[in-house]
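Mind the numbering: the sequence shown is residues 3 to 378 in the working numbering, read in order.
Working notes for the structure below.
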Amino acid sequence: MPTAEPSGPLAEGAERPASGVQAELRQRLRRPVSLGRQVWERAIRLLLASCASLSLAITLAILVVLISETLRFFQDAEYQREHRLALQRTCALLMASPDTSFPWATAGLLYPQILNDLPALERQPVTLRYFLTGTEWTAGFRGEKYGMLPLLVGTLLVALIAAALALPAGVVTAIFLSEYAGPRWRAVLKPVLEILAGIPTVVYGYFALTTITPLLQQWIPALESNNQLSGGIVVAIMILPMVTSLSEDSLRAVPQVLRHASYALGANRFETATRVVLPAALSGVMASFLLAIARAVGETMAVTLACGGKAQLSFDPRVGAATITSYIATVAAGDVMHNSTHFQSLFALALVLFCITLAMNLLGVLVLRRYRQAYI
3 MPTAEPSGPL AEGAERPASG VQAELRQRLR RPVSLGRQVW ERAIRLLLAS CASLSLAITL
63 AILVVLISET LRFFQDAEYQ REHRLALQRT CALLMASPDT SFPWATAGLL YPQILNDLPA
123 LERQPVTLRY FLTGTEWTAG FRGEKYGMLP LLVGTLLVAL IAAALALPAG VVTAIFLSEY
183 AGPRWRAVLK PVLEILAGIP TVVYGYFALT TITPLLQQWI PALESNNQLS GGIVVAIMIL
243 PMVTSLSEDS LRAVPQVLRH ASYALGANRF ETATRVVLPA ALSGVMASFL LAIARAVGET
303 MAVTLACGGK AQLSFDPRVG AATITSYIAT VAAGDVMHNS THFQSLFALA LVLFCITLAM
363 NLLGVLVLRR YRQAYI
C-alpha cells in the first residue's frame, strides 16, 4: 500500500514559510542597488578614509618636525663644539708664536670675535649620551649644559606620585560603581567624575598652589611653595576619572554568569568582586593604568604651577623641580630666540616625551591583547 509523502511544513527539503519581516528583508536584498546609492556609499567611505588618513598624516607630520628639529639641535651642538676647539687651537697657536708683538696684535684684532664666542668656549659639548644621562640642565645661562636627567626625573617622580594615589582609588571607585552602587549613587557619582574630567588644568594648578600646598605645609614644615608632592596629588585628582571610567567599563563587561556562579559556590559580594570579577577584567584595568600614567606624564599647566620651573635633579618630593612639559611651556612662552640651540633643545625634549607616551600607549594595547578574555 503506497504511503503518502508528507506535504506539510515538516516535509524534508520543504522551505519553511518566512515571516513578514523576513520576507520584506529578502525582497529588499533582491532589489538591485541604484546608482545613486552606490555613489553615496562610496562618498561616505571616501570621507571616512580621508578622516582616518588625516589623523595619521598629522601624527606623522608632528613626528617629522620633532625628529628634524632634534637633528638640527645635535648638529648645532656639534658645530659649537668644533668651533670651540678651533678657537682654542687658534689662541694656543698665537700664544706660542716666537714673535712677541705678533700674537698680541693678532689677539687685538680677534678680541671682539673671541669675546662674542665666550659662551661657546664655556659650553658643554652636547652628545646624545650626555643629553640622555647628563645631570645638569643650564640652558640659557653662561656655560650651557643640556643634560635632561633632571627634567626626566621630575617628570617620572610626579607621575609616580600620581599613579600611587590615583590607581588604587580609581579601582576601588570602579568596583563600587560596578558591584555595589545603586541607580541613585550612580546618578550622583558619574556626573561628579565627568565634572572632574572637564575642569581646565590651569584651575587644578591654582588649586594645588593655593589649597593643597598650604594644607600640606601644616604637616610638612620643610615643604616649599612649589613642590613635586603637590603636583603629584593634583595630577592624581586629574587622572582619577580616567582610571575609574575605564576600569568600570571593564568590570561591567564581565558576564553576569561568572557572578552567579560565584554566588552559587557560597562567595559573598566582596569576594566575588575581588576574586572573580576583577581578575576577569584585569586586562582592561591594566590598560587604564597605563593610559592614565601616560596622561600624567604629559600634563603641563597644573604641573607648571604646582612644581615650578626650576630644572634641578632632586628625588625629594618636598622641593620644586621642572618636568619636561612644564619646562617646554615655560621656555616657549619666554623670549628665547628662534633657531637658537636653546630653542631647538625644546624639540629634543618633546621628542623624548613623545617616545615615552607612545611607549606607554603601545604597552597598554599589548597588555589588553595579551590578557584579554573571550566569553562565549
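Virtual Cβ for every residue (Gly too), placed ideally from N, Cα, C.
Note the first and the last residue of the continuous alpha helix (DSSP H) segment covering V256. Counting along the chain, V256 falls outside any alpha helix (DSSP H), and DSSP gives it neither H nor E.
Just to confirm my understanding: we take L248, look at its own chain, exclude 5 residues before and 5 after, and list those with CB closer than 6 Å. What are they? S290
Label R297 either buried or exposed according to how many other C-beta atoms from any shown protein chain fall within 10 Å of its C-beta, with 16 as the threshold for buried. buried
Start-to-end residues for the alpha helix (DSSP H) that takes in Y182: Note, Y182: premise wrong, no alpha helix (DSSP H); not H, not E.
Identify which residue in T212, A165, L267, V278 has its Cα closest to the Cα of I177. V278
Measure the C-alpha to C-alpha separation of F345 and V256 and round it to an integer number of angstroms. 50 Å
Once the 5 residues before and after S232 are set aside, which same chain residues still bring their CB inside 7 Å of it? A210, I214, T215, L218, A308
Whole-number beta carbon distance between I295 and L153, since they are thought to touch under 8 Å: Contact doesn't hold; Cβ gap of about 17 Å is too wide.
Among M362, I358, R371, A161, which residue has its Cα nearest to the Cα of M240? A161
Chain-order list of residues whose beta-carbon lies under 6 Å from that of E138 (same chain, five-residue window excluded): K147, G149
For T72, which residues from the same chain have a beta carbon less than 8 Å from its beta carbon, with the 5 sequence-adjacent residues on both sides left out? Q346, F349, A350, L353
Does at least one heavy atom of the ligand GTP sit under 7 Å from the Cβ of P202? Because no ligand of any kind appears in the structure shown, any question about the ligand GTP cannot be addressed here.
Rounded to the nearest angstrom, how far is the Cβ of E226 from that of G322, given a contact under 8 Å? 5 Å
Exposed or buried, what is Q230 when buried is set at 16 or more other beta-carbons lying within 10 Å of its beta-carbon? buried
Going by beta-carbon coordinates alone, are T203 and E301 separated by less than 8 Å? yes
For L159 and P319, which I take to be in contact (beta-carbon distance under 8 Å), what is that distance rounded to the nearest angstrom? 6 Å
Just to confirm my understanding: we take L365, look at its own chain, exclude 5 residues before and 5 after, and list those with CB closer than 6 Å. What are they? L292
Could you pull the start and end residues of the alpha helix (DSSP H) that R131 belongs to? 130-135
Counting pairs of beta carbons, one from the segment 49-63 and one from the segment 332-346, are three or more of them closer than 8 Å? no
From P223 to V367, what distance separates their C-alpha atoms? 43 Å
Residues bridged to Y148 by DSSP? W139
Using 10 angstroms around the beta-carbon of I197, count the other beta-carbons present and answer buried if the total reaches 16, otherwise exposed. exposed
Residues near I163 by beta carbon distance below 8 Å, same chain, minus five either side: Q230, L231, G233, G234, I235, V237, A238, P319
How is M339 classed by DSSP in three states: helix, strand or coil? coil
With burial defined as no fewer than 16 other Cβ atoms inside 10 Å of the residue's Cβ, what is the status of N228: buried or exposed? buried
Measure the C-alpha to C-alpha separation of F272 and G286 and round it to an integer number of angstroms. 20 Å
Going by other Cβ atoms of all chains shown within 10 Å of its Cβ, with 16 needed for buried, is T61 buried or exposed? exposed
Compute the Euclidean distance between the alpha carbons of I46 and V66, then round it to the nearest angstrom. 30 Å
Determine the DSSP secondary structure at E43, reduced to helix, strand or coil. helix
I330 in three-state terms, based on DSSP: helix
R261 and T274 - do their beta-carbons sit closer together than 8 Å? yes
Is it right to say S342 is buried, meaning 16 or more other beta carbons lie within 10 angstroms of its own, or is it exposed? exposed
Determine the DSSP secondary structure at V321, reduced to helix, strand or coil. coil
Top-ranked residue by Cα proximity to T175, from L284, F317, R188: R188
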